[in-house]
Amino acid sequence: MQTSIHYIARTPNLDKEKAFITDFPVDHVEGAVRQNTKADHRQILVNAIEQPDRFNLDEHGFCFLRGRHINLDPEKACRDKDSIEQAYWYEIEAILHEQFPQYSRIECFDTTVRKRDPDFPEVVRVYREEHEQPSPVVHCDWSSVGSLDVLRWCFPGNENFWEGKRFDLLNVWRPLKAPTDDWPLALCDYTTVDTENDVLLEDAIRRDRVEEISSLHYNENHRWYYLKDQGVDDLLVFRNADSHGEKASK
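If you read the sequence shown in UniProt numbering, its first letter stands for residue 1, the second for the next number, and so on.
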């Protein structure tokens, strides 16, 4: 499948200032800008995955698991994240424990719902209360440094438990409605990423906090994949970051 994605351009200003982006309008502030980066639009080939079992979390940065079938009304669930968490969290934690016994503790801590507005991407609404839009920008939700801030935000008062220990931040991507033939998630094979030259650390400025994320510069060696016709029982697991910045991420 041919598609267009947005990398971050290698612009001179990034040699002397840190990249940043906001997820809210700043038009009311004189001289303010939402970001100091420029998009590098690229046409890429995204390969349909024929053999999900050949992908390994620690090598490629992502893998595929199976969950049990749970009936949720997709439209209602989009407006009620609590129902999603009650239906899925315990099951997901159990599946991850079984698949990755090396983890001594696994906890779900946040849910993001994405649903494309009919006029997206022609019309982009910067801040949505109910659900987010698909992201055309290549990114990991957090960097290794950003992952520490996420834990402080999600588990206040628990610093003594995880400080100085190894941890991973994993995402589990699961459709509420299938098949996912509209804006399926594309994944970059970690083995094709030049981590020294392709990765850009970027401050994501939220309304209530700042998080450090990882974005990517274009490299012709990148290989992209997607799971065609992903079903509601197909779990796509990928690593955003680890505490030491040593492991494969998507």
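Every residue gets a Cβ at the ideal spot worked out from N, C-alpha and C, and that includes glycine.
Tell me the DSSP bridge mates of residue i?
i           : result
residue 253 : Residue coverage of the chain in this structure runs from 1 to 250, which leaves residue 253 outside it and unanswerable.
I21         : Q35 and A204
I49         : Paired residues: none, contrary to the question.
E211        : A204
Y216        : A quick correction: the sequence has Leu, not Tyr, at residue 216. Beta-bridge pairing links L216 to V199.
C63         : V237
D40         : Y7
Y225        : N47 and L187
Do residue i and residue j have their CB atoms nearer than 7 Å?
i           : j    : result
L151        : W162 : yes
residue 272 : R116 : Residue numbering for the chain in the displayed model covers 1 to 250; residue 272 lies beyond these limits and cannot be assessed.
V46         : R34  : no
P136        : H6   : yes
G146        : E212 : yes
E93         : I84  : no
N221        : T192 : yes
Q102        : L65  : no
L187        : F62  : yes
R207        : F24  : yes
P179        : D229 : yes
I205        : T22  : yes
Could you check how far apart the C-beta atoms of residue i and residue j are, in whole angstroms? I think they sit under 8 Å.
i    : j    : result
D181 : G67  : Incorrect: roughly 20 Å between the Cβ atoms, too far for contact.
C154 : S249 : Not confirmed; about 19 Å, so no contact.
K38  : A19  : About 10 Å separates the two Cβ atoms, so there is no contact after all.
L169 : A241 : 5 Å
H60  : Y218 : Not quite, the Cβ-Cβ distance comes to about 19 Å (not below 8 Å), so this is no contact.
V199 : L227 : Actually they are not in contact, since the Cβ atoms of V199 and L227 sit about 24 Å apart, beyond 8 Å.
C78  : V123 : Rounded, the Cβ-Cβ distance is 19 Å, inconsistent with contact.
L235 : V172 : 6 Å
L57  : R174 : In fact, because the Cβ distance is near 16 Å, the residues do not count as touching under 8 Å.
Q2   : Q51  : Actually they are not in contact, since the Cβ atoms of Q2 and Q51 sit about 22 Å apart, beyond 8 Å.
S4   : H28  : Not a contact, Cβ separation roughly 31 Å.
At which residues does the alpha helix (DSSP H) containing residue i begin and terminate?
i   : result
D82 : K81 to Q99
D58 : L57 to H60
Mind checking which residues open and close the beta strand (DSSP E) that includes residue i?
i    : result
W183 : Here W183 belongs to no beta strand (DSSP E), and DSSP marks it neither H nor E.
D242 : D234 to D242
S4   : Q2 to I8
Discussion item. To test your reading of the DSSP string, which unbroken alpha helix (DSSP H) runs of 4 or more residues are found completely within the region 127-171?
Written reply: 144-154 and 159-162
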